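First comes the structure, then the notes that go with it.
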Amino acid sequence: MAWYSALGEAAETARLTDELSALRKEMALIQRKLKKRGHAGWSAAEEQGAELYDELRDRLAEALPVVQRQAQVAGRFARDNSTAIIVGTAVVGLLIALAASRR
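Position one of the sequence shown corresponds to residue 58 (my numbering), numbered consecutively onward.
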């Protein structure tokens with residue numbers, strides 16, 4: 058009987074070893090698939106980020122001359138009308154002070 062029990066244990070050990078080997082192979086396959094999907098996802102995200110950056114750069118390049126012109130116009134207006142700006146700022150400050158004191 059002892060040899061029969063040992064034979065059953067050996068068969069069970071062999072079966073478990075085979076199952077473990079199959080599970081390891083399946084895990085390796087899953088890991089390879091995940092790596093491929095992860096790499097593909099990363100590449101797609103990287104490409105999409107590059108496209109967004111290029112589009113943003115192009116739009117900024119288009120808008121930059123307009124912003125520069127507006128800044129020049131604002132600078133000229135400030136130089137030409139410095140007294141009006143100072144008086145306007147003072148009036149706005151007084152209005153804010155009056156509104157705050159009524160509360």
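Glycine residues also receive a C-beta, built at the ideal position from the N, C-alpha and C atoms.
Values in this document were obtained by computation on a predicted structure and should not be read as measured data.
Through-space distance from residue j to residue i, alpha-carbon basis
i, j, result
"V130", "A118", "19 Å"
"A97", "L113", "24 Å"
"R159", "T140", "29 Å"
"A120", "A128", "12 Å"
"I153", "G132", "26 Å"
Contacting residues, own chain, Cβ-Cβ under 7 Å from residue i (five flanking each side not counted)
i, result
"I142", "A135"
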